[in-house]
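One structure below.
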Amino acid sequence: MAEYSRTQRLRWFPLVRHEASRLLLSKGPWLLAVVLPLWIYRPSFDLGDALGANVTITFVQYVAHIVVPFAVVLLCYRTIAGERESKQLKTLLNLPLSRQELFIAKFLGRLIGVLTPILLAIAIVTGLGVVNTGLMSIQKYLAVLGVTVVYVAALVGITVSVSAVVSRGITAAAVLFFGVVVVMELLWRQVVGQIVAFATDAGLLTDESTRDAVVIFLQRLTPSESYYTTTNWVLSSENAVGRIRSSGEPAIILSERFNDIPWYLHEGFGPVILLLWVVLPLGIGMFVFSRGDAL
């Protein structure tokens, strides 16, 4: 039985390797590896004074700021939809793999292909940071690095899942660019503002303190904001909203807004929300793909 189980697992490993290799043989990931260090390396005198050598860890937080979400969409939106269009999916479906195994292999292959340049960029920036400010807390660095891997897995999972449930690559690109890049990265705070304004006009949020708490809770629901909440918690920063900035503190510190911080704004919800962004899109994408449906 153990040998059979091992064989079952190994049979989709070649497809994982093929998917990762195909992506890494293209120019996109290596362009990301060149651009990303320039984007995330942001040495600051004030920030260095506030955090000491741990300033290097805060550079990693910039992975969640626009460039990586946009890059993941570009690198992964055709993962399954593109092969459905080119009829290559029919060939893959003739392999001795279930649709679930095919979906998992596609996801893991793309994740490896995307993580490789991102981790390379982080390694370069880490080296620069250590040279300039000294060795940071290894435990906190590894914890933030682990959260970053989960965050990238969430983005890849969302992108591959959308690609699995639509019939055309252009449809996947449009849905992902608008949903992930425009709404969740660029306009989410405005969206939250409109939701709260509507609820206030409807008489649902009459208390100002409750209204502020709901705004912050909703702002934290995106992958990037849940990533910031979790990494700030790891860095022992204040319970806050947004990444750590040049002052050494995040943009909004909750203890300055509330005398008694509501339970649903505890930092512990950050990793829960982030993990849900991994599990739910993958679960939905796998379910729809396993049924053979496409929108």
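Under this note's numbering, think of the first position of the sequence shown as 437, with each following residue one higher. Using N, Cα and C, we set each Cβ at its ideal position, and we do this for glycine too. Owing to the predicted nature of the structure, the values given are computational and were not obtained by experimental measurement.
DSSP state of Asn799 mapped onto helix, strand, coil: What the structure shows of the chain is the stretch from 437 to 731, and residue 799 is not part of that stretch, so it cannot be assessed.
If you draw a straight line from the alpha carbon of Arg647 to that of Val628, how long is it in whole angstroms? 11 Å
Helix, strand or coil at Tyr663 [DSSP, three-state]: helix
Where does Glu455 fall in DSSP's three states? helix
Segment contact flag, the region 536–555 with the region 584–599, C-beta cutoff 8 Å, min 3 pairs: yes
What number of angstroms, rounded off, separates the C-alpha of Asp643 from the C-alpha of Val596? 41 Å
Can you name the start and end residues of the alpha helix (DSSP H) that Asn568 belongs to? 535–569
Of all the options Arg625, Ala469, Ser660, Gly488, which has the alpha carbon lying nearest to the alpha carbon of Asn568? Gly488
Assign Ala638 to buried or exposed, taking buried as 16 or more other Cβ atoms, counted over all protein chains shown, within 10 Å of its Cβ. exposed
Per DSSP, what kind of secondary structure is Thr658 in: helix, strand or coil? coil
According to DSSP, is Gly615 helix, strand or coil? helix
Identify, in the order they occur along the chain, each residue of the same chain with its Cβ nearer than 7 Å to the Cβ of Val663, setting aside the five sequence neighbours on each side. Per the sequence presented here, residue 663 reads as Tyr, with Val not at that position. Taken in chain order, the residues that qualify are Ala500, Val583, Tyr587, Leu710.
Helix, strand or coil at Ile476 according to DSSP, with G and I counted as helix: helix
Would you check if the region 655–669 and the region 703–723 touch, i.e. whether three or more CB-CB distances between them fall below 8 Å? yes
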